[in-house]
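Right, one structure below, let's go through it.
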Amino acid sequence: MAAFAAISAAAEEENEHRVVVNGQEAGEEFEEPGGYGQPQWAERSRASATTKLYVLSPFEVFIGALSESDILRHGGSVHDLTQEIEVGLPYRFELDFENHLGLAGSRVAETEASIGARYAFAAWGKIPLNPTLSAMYQFGTGDRVVDRFEQTRDRTQSGGYELRLLFGQEFVPRLQWAANLFFQNDLGSAHDRQIGFTQDIAYLVVADKLELGAEMRYTNATRRGENRDAAHEFVIGPSVNWKPNLHTVVSLAPLFGCTAESPRVSILASVSLEFGGGESKTRPMPISR
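The opening position of the sequence shown corresponds to residue 548 in the working numbering, with each subsequent residue numbered one higher.
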């Protein structure tokens, strides 16, 4: 009897090990936290199409393509495509690279390229709202094709810089909030500077798969050398983020204009991939017997 019991226990233990291995076929979940203690939703350094967030884990790489299509109030539409690569570094630093293409009517042109850096002031959760500083320098590389505040312009895109202060927090489980304050100065341009803020809130409907929420953007644009009042853009609308696998996020957000200078609708769509960091460390999901 003792021998039979020992054989039975060994078989049961072997079967349990097989269940753990086979559990990967049913799905995987992210391990947390990230390199600086950030939760899974903050591992990508972008909360939404309008709002950036914290920094990547050391040597994590983020690749994304973001499009914005503005249906203008005075007729026509303009489109902007942004390609971005971000690399996480030690000591809570990050390097960012962006390239912009503009499309209006039959005109297509590369408008600018940007290089920037971010610095998080502390590990995630050590300071309320997890503040992070972002700075980017923009090199004009072609004609200004897209202008959200006026008719399409055909003039050389000037260089400039942008400063952002990034915030993010999960106040209650599954409810994620992020916001940016930004200042952008176009050197030598008639659009001297833009000041504004963005905000995103999302609810995790299905873990590691689906988020539903809302986002908004407000911009105050002043024009140097032009006798005009500042332009005020405010767009707001719903958003959805879908994760088909551990490394990919597909996002869509139709934002509706609320001021005279705003487009009627801004449609933002993005696809992004992440390599390295906490999202690449998976563990099998438990299987119920």
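All C-beta atoms, glycine included, are put in the ideal place defined by N, C-alpha and C.
Between S624 and S616, the alpha-carbon positions lie close to 7 angstroms from each other.
Taken in chain order, the unbroken stretches of beta strand (DSSP E) that lie wholly in the segment 617 to 668 and span 3 residues or more are 624 to 636, 640 to 651, 654 to 667. A distance below 9 angstroms separates the beta carbons of H779 and T766. Here DSSP, grouped into helix, strand and coil, assigns Q731 to strand. Residue environment for K756: exposed (fewer than 16 other C-beta atoms within 10 angstroms of its C-beta).
Exclusion of the five residues before and after F714 leaves L676, N677, P678, A725, A726 as the residues of its chain whose Cβ lies within less than 7 angstroms of its Cβ.
W588 carries a helical assignment under DSSP once its states are collapsed to helix, strand and coil. Counting other Cβ atoms within 10 Å of its Cβ, T597 reaches 16 or more and is therefore classed as buried. When rounded, the separation of the alpha-carbon atoms in P637 and G652 is 44 angstroms. Distance from the CA atom of S604 to the CA atom of R639, rounded to whole angstroms, is 8 angstroms. Beta-bridge analysis with DSSP links D739 to no other residue. When DSSP states are grouped into helix, strand and coil, H779 belongs to the strand group.
Taking L628 as the centre and dropping the five residues before and after it, the same chain places the C-beta of S614, L648 closer than 6 angstroms to its C-beta, in chain order. Beta-bridge partners of D747 (DSSP): A725, E762. Contact annotation, A667 with E645: C-beta distance approximately 19 angstroms; criterion of less than 8 angstroms not satisfied. Note on T703: under 16 other CB atoms within 10 angstroms of its CB, so exposed under the neighbour-count rule.
In this structure, the CA atom of A589 is about 15 angstroms from the CA atom of G760. Annotated three-state conformation of K673 is coil, per DSSP. V602 is a Cβ neighbour of Y583, given a cutoff of 9 angstroms.
When the Cα atoms are used, M763 and S813 turn out to be separated by approximately 11 angstroms. Residue state for V602 is assigned as coil, using DSSP reduced to three classes.
Note: A682 is bridge-paired with A664, L710 in the DSSP secondary-structure output.
Annotated as distal: L820 and S798, with beta-carbon spacing of 9 angstroms or more. Residue nearest to R591 within the set L802, P810, N788 is N788 (criterion: CA-CA distance). Taking E808 as the centre and dropping the five residues before and after it, the same chain places the C-beta of F696, A778, H779, E780 closer than 6 angstroms to its C-beta, in chain order. Excluding its 5 nearest sequence neighbours in each direction, T806 has C-beta neighbours in its own chain below 7 angstroms: H779, E780, F781, listed in chain order. With 16 or more other Cβ atoms from the protein chains shown falling within 10 Å of its own Cβ, R691 counts as buried.
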